[in-house]
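**Student:** By full-length UniProt numbering, the letter at position 759 of the first sequence is numbered 759, and the numbering carries on one by one without gaps.
All C-beta atoms in this analysis are idealised placements derived from N, C-alpha and C, irrespective of residue type, glycine included.
Since the model is a prediction, treat every value here as computed from it, not as a measurement.
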Amino acid sequence: MRTRSQSQRKEESESGSLASASKEAVGKLLKRARKGSKAKGQQEDDILVEVSKFKELPREKDKRDEGNSVGRKSIEGDDVEGSVRLGDVNEFDWEDGDILASESKEAYLHDSEKEITVEFTDSPSTTQRKPSRRATAEEKELAELVHKVHLLCLLSRGRLVDQVCNDLLIQASLLSLVPPSQLNIAEVPRLRASSLGSVVNWFRNNFQIQSHDIDRGSFKSNLAFALDTRGGTAEEVAALSVALFRALNLTTRFVSVLDVASLKPDTDVPGCSNTDAPRLDTKIFSSAVASSSDDVSHKNLTRGKHHSNDGRQSCKRSLPKGPASTTGAEDVISRDSMANKLCSDKLESHPAKFAVRPKRKGDAEFELQLEMALSATAAGVGASNSMSHIDGLSGSSSLPSPPKKLKKIVFPEHESVIQSSSSSAVWSRKLGPPQYWAEVYCNGETLNGRWIHVDAVNGIVDGESDVEASAAAGRKPIKYVVAFSGGGAKDVTRRYCMHWYKIAPRRVNSRWWDEVLAPLKRLESDATGSIVHMEASERKEMESEECLNVVNTTSDIIEDSNKVGAVQNSGLANRNALEDMELETRALTEPLPTNQQAYKNHHLYVLERWLTKYQVLHPKGPVLGYCSGHPVYPRSCVRTLQTRHKWLREGLQVMANEFPAKVVKHSKKFVKMRTSELEDASATGEENSEATMELYGRWQTEPLRLPCAKNGIVPKNERGQVDVWSEKCLPPGTVHLKFPRLVPVARRLEIDFAPAMVGFEFRNGRSVPIFEGIVVCSEFKDAILAAFAEEEERREAEEKRRFESEALSRWFQLLSSIITRQRLQNSYVEFSSPNALDNPHIDENDKSNDDKKQSMSDDLKSSQNAASIMPIRDHHEHVFLIEDQSFDEESFIQTKRCRCGFSVQVEEL
DNA sequence: GTGGAATATACTGCTTTGCGCTCC
DNA sequence: AGGAGCGCTTTGCAGTATATTCCA
């Protein structure tokens, strides 16, 4: 039940401003992180305690699990030392079995020392089945917070990279490297994807992914270094490509797959590409990266025998220095050799570390793929050798040697180079799927131009449809693809995702994400839409010239028709609006999934079997297709049903003669309650009907028509009240007055009213109605409010009078208590003092003192303030003689004086 | 490896109109 | 006598979402 309040808090945080929401999220995360680390520390302490207990009290532990394990008996002894993984200690789970015979544990008995050493070479968690446990709401909330904060960090990172891509010095340096023949791309009037091929190939042949462990302080410095060495992390090389395109005056975005921490707790490990890890400023997940690097190194070792004769050793050694050895037109899987080099380097430095690691299934698969790739390389070596080197083309003999080319696939319709799916699997094994690329706006593509995916790192142009497949092959399904430009960002995931239903559950709720992106999207739009008008005019010319005789590819037909329509309608549609439309069109034209589970929460399609209790298809059609024989309907046909009563709350009533759209069983609790009510009525045959619930759809309702108020009488329900779920539920001619204490006012004026029941709250195990104000006929509203105001005034005056009288009473109590205390103290002194009885002054005046005390008490009864009460001297009781009193008529203060000098001021009321 | 069914479990939403005692 | 105020143990079930396991 805690989660309800949590949900409320969650909604509240979402409804706040973006900045406050972000701050709150970061704050919460930090708080939790601190708490978590503290808790973890505590947990470890606990574990240590546990271990010490384990060491000290093996017998006790054994007693608890008496007769369980042979192995446990075998470790019984006075001295037991165990090397135990701390993480498992708090989950001691004794098992039956012989330790000596166990495969996962090795026990060495040192009989001579009577000491037993138990070494676990494998974690029990890997052999034991993990206990099934769902993440709690708190864990989910934490995961969501991490997800959001990570997203914000990655957005910032992308903006940073985008900013550096605009650096004029870097752009100028890149331009100075580009051969003059490539520079004319800037002057192409109608840029097409095919026009980018040559410059992309040039770039790819001159810049490769390399691993640098040195962080030079800023991304700009790193990028400058990468430019200098013709290699860097995948992010840097992609950024260089973006800078180059921008230098060539092409409208270009830096696109990044945000490899964000999972939205769900403990599902996948967030990370980044291997080569980026050492340099990433955030350095969050270095451990994960390190392990993956190790994997690569290991793989390299295990395939070493295949490499011995294939001539790749030279590549390993001379890669960064040698000249380009193959033509720029040839497409190559460069990452293999790059990674081989990196891995070989690591291997050489840590030969023993990887020699004993077991081969995994994935490694074997990888080796198989690599062997196939290498055999293809061997076949192509002769051909590649015969081809001329591109030294002259590149214009630099000092450029690093490009790797051996393995495979190329040319798609004639695009005239661009795209790697096959099999090759994508190979790259994914090595360095993971591409995480960074560029988008270049080609005004010559389709009718209105479009953004073209350009992965210069891998030499891919217009390969947007392969991004999802490669990501899936690399076990890193894309969640967010964001394009950065002009300091802004835009979510372009739709362009690269064909199966939105797969990634939708992995993304944060769209409202938050849209709010985050809204300001960034404007910035991005301003940066990339600045030349819209010129293009629009050009487009109009083109339209008149070509008379719309444009042959589109099948996939472009829908989006182009949309674009044309939009442009024709508005005349001012800009590039971003067109792109939005394109992405929207993609969202609405997703292919039908082939498995039934996918329809469970699909945003476009639905299977009837996955409808919930309160859902129905209306209308039931059209059938969009079939999945395993089940008809597929559009999600837009799904309607939510409600009971008559629930519709009433929304100010709707079910139309006459409407049959229920669905009849479902009532909850047992409700049935039980109703049947107990009906027992008295001894209704027979109605129990079955009471056990069901009739549901109606929105289309079966009409606006609520309540009886009108007549002759000043408010129409009430059977309980003599009006249920005011909303303003729509008020009977016509009545008003809801929400002030308190209106009932006596209405009664006094003899105006008909009804208590307004606004809802229920659950208190002490039962629902209790909440009343707020009354419902009266509209004509009495002013009269009641006037009387209410008058009554409130009177009540406030009465309240004030009561308050003052209470204050007086409390003052009297205070002063009385002071006097009582004084009297008690005097009495105590009298009885305790041995000379008290000998004091003639007191004896003589005893009676008169009592009288005077009485008079003082009377005076104090009417007093409000004792101005000064001095401490009482020992053995002396003050006597205030009447002749010594004075009275100030202006201030009404009476001063009483004792002969000893003590005085009391009393204010007369 | 994938899909589907079955199962387990955490979370969420729905339900909905006291009663007895004390004080004034 | 009667009206107003106050304090009681904290519903509990069904549906849904989601993870996991098993099997084909």
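Using only the alpha-carbon positions, how far apart do K479 and C627 sit?
**Tutor:** When rounded, the distance between both Cα atoms is 26 Å.
**Student:** In three-state terms, what does DSSP make of T327?
**Tutor:** Bear in mind that the predicted position of T327 carries a pLDDT of just 33, short of 50, making it too unreliable to give a figure here.
**Student:** I need the straight-line Cα distance from E806 to F812, nearest angstrom please.
**Tutor:** Spanning the two alpha carbons is a distance of roughly 10 Å.
**Student:** Grouping DSSP H, G and I as helix and E and B as strand, with all else coil, what is Q435?
**Tutor:** Reduced to three states, the DSSP call for Q435 is coil.
**Student:** In the DSSP assignment, find the alpha helix (DSSP H) that holds Q597 and state where it starts and stops.
**Tutor:** Q597 -> no alpha helix (DSSP H), and no H or E assigned at all.
**Student:** By how many angstroms is the C-alpha of G712 removed from the C-alpha of A754?
**Tutor:** So the alpha carbons of these two residues sit roughly 12 Å apart.
**Student:** By a C-beta neighbour count over all protein chains shown, 10 Å radius and 16 as the cutoff for buried, is residue 939 buried or exposed?
**Tutor:** The first residue shown for the chain is 1 and the last is 909, placing residue 939 beyond what the model contains.
**Student:** I'd like to know whether the C-beta atoms of L704 and L652 end up nearer to each other than 8 Å.
**Tutor:** It is a contact, given that the beta carbons lie within the stated cut-off.
**Student:** Starting from I452, trace the alpha helix (DSSP H) in both directions and tell me its first and last residue.
**Tutor:** Where I452 is concerned, there is no enclosing alpha helix (DSSP H), although the beta strand (DSSP E) it sits in stretches over 450 to 455.
**Student:** For the alpha helix (DSSP H) holding P744, just list the boundary residues, first then last.
**Tutor:** Segment 743 to 749, the alpha helix (DSSP H) holding P744.
**Student:** Near A746, which residues of its chain fall below 7 Å by C-beta distance, leaving aside the five closest residues on each side in sequence?
**Tutor:** Here the set comprises F753, I774, V776, I784.
**Student:** From which residue to which residue does the beta strand (DSSP E) around G488 run?
**Tutor:** Its beta strand (DSSP E) spans residues 488 to 491.
**Student:** What three-state label does DSSP hand R253 in the structure shown?
**Tutor:** It is a strand residue.
**Student:** So, using beta-carbon positions, are L191 and N574 closer together than 8 Å?
**Tutor:** Contact flag unset, no.
**Student:** Using the Cα positions of K490 and T585, report the straight-line distance between them to the nearest angstrom.
**Tutor:** Answer to the nearest angstrom: the Cα atoms are 17 Å apart.
**Student:** Grab me the residues of N576's own chain with a C-beta within less than 6 Å of its C-beta, minus the 5 sequence neighbours each way, in chain order.
**Tutor:** Once the five neighbours on either side are set aside, the close Cβ partners of N576 are S525, G529.
**Student:** If I measure Cβ to Cβ from A186 and keep anything under 6 Å in the same chain, skipping five residues before and after, which residues do I get?
**Tutor:** Closer than 6 Å at the Cβ level, and outside the excluded window around A186, lie L248, N249.
**Student:** Would you check if there are 3 or more beta carbon pairs closer than 8 Å linking the stretch 193 to 200 to the stretch 253 to 263?
**Tutor:** Segments in contact, no.
**Student:** DSSP on M693, reduced to helix/strand/coil?
**Tutor:** Strand.
**Student:** Could you tell me the alpha carbon to alpha carbon distance between K620 and V257, rounded to whole angstroms?
**Tutor:** Whole-angstrom Cα-Cα distance: 39 Å.
**Student:** My assumption, with CB atoms under 8 Å, is that A243 sits in contact with D167. Please give the rounded CB distance.
**Tutor:** Right, the Cβ-Cβ distance comes to about 7 Å (below 8 Å), so this counts as a contact.
**Student:** Determine the extent of the alpha helix (DSSP H) in which Y501 is found, giving its start and end residues.
**Tutor:** Counting along the chain, the alpha helix (DSSP H) containing Y501 begins and ends at 500 to 503.
**Student:** Looking at C-beta atoms only, is the number of pairs between the stretch 233 to 243 and the stretch 456 to 476 that lie closer than 8 Å three or more?
**Tutor:** Flag = yes, the stretch 233 to 243 and the stretch 456 to 476 touch.
**Student:** Please state whether DSSP places V758 in a helix, a strand or coil.
**Tutor:** V758 falls in the strand class under three-state DSSP.
**Student:** Below 6 Å CB to CB, which residues in the same chain sit around T251 once its five sequence neighbours on both sides are set aside?
**Tutor:** Answer for T251: Y441, T528, listed in chain order.
**Student:** Are the beta-carbon atoms of V638 and L617 separated by less than 8 Å?
**Tutor:** Yes, the pair counts as a contact, with Cβ atoms nearer than the cut-off.
**Student:** Quick check: A438 and F254, are their CB atoms within less than 8 Å of each other?
**Tutor:** Yes, the Cβ-Cβ distance between A438 and F254 is below 8 Å.
**Student:** Is the beta carbon of V482 less than 8 Å from the beta carbon of L160?
**Tutor:** In this structure, L160 does not lie closer than 8 Å to V482 by Cβ.
**Student:** Which residues does DSSP pair with E907 in a beta bridge?
**Tutor:** In the DSSP output, where bridge partners are listed per residue, E907 has I893.
**Student:** Which residues mark the beginning and the end of the beta strand (DSSP E) in which P703 is found?
**Tutor:** It spans 701 to 703 - the beta strand (DSSP E) in which P703 sits, taken as one unbroken run.
**Student:** Do you know whose CA, among F739, V735, E750, R748, lies nearest E772's CA?
**Tutor:** Closest by alpha carbon: F739.
**Student:** I'd like the list of long-range same chain contacts for V664, defined as Cβ closer than 6 Å, with 5 residues on each side in sequence excluded.
**Tutor:** For V664, where only same-chain residues beyond five positions count, the Cβ hits under 6 Å are K613, M693.
**Student:** For L152, which of helix, strand or coil comes out of DSSP?
**Tutor:** Residue state, collapsed to three classes: helix.
**Student:** Report buried or exposed for T734, applying the criterion of at least 16 other Cβ atoms within 10 angstroms of its Cβ.
**Tutor:** The residue is buried, with at least 16 neighbouring Cβ atoms inside 10 Å.
**Student:** Run the CB neighbour count on T820, radius 10 Å, all protein chains shown included, and call it buried at 16 or more, exposed below.
**Tutor:** By the neighbour-count rule (16 or more Cβ atoms within 10 Å), T820 is not buried but exposed.
**Student:** Compute the distance between the beta-carbons of G474 and K521, then report whether it is under 8 Å.
**Tutor:** No, they are not a contact pair.
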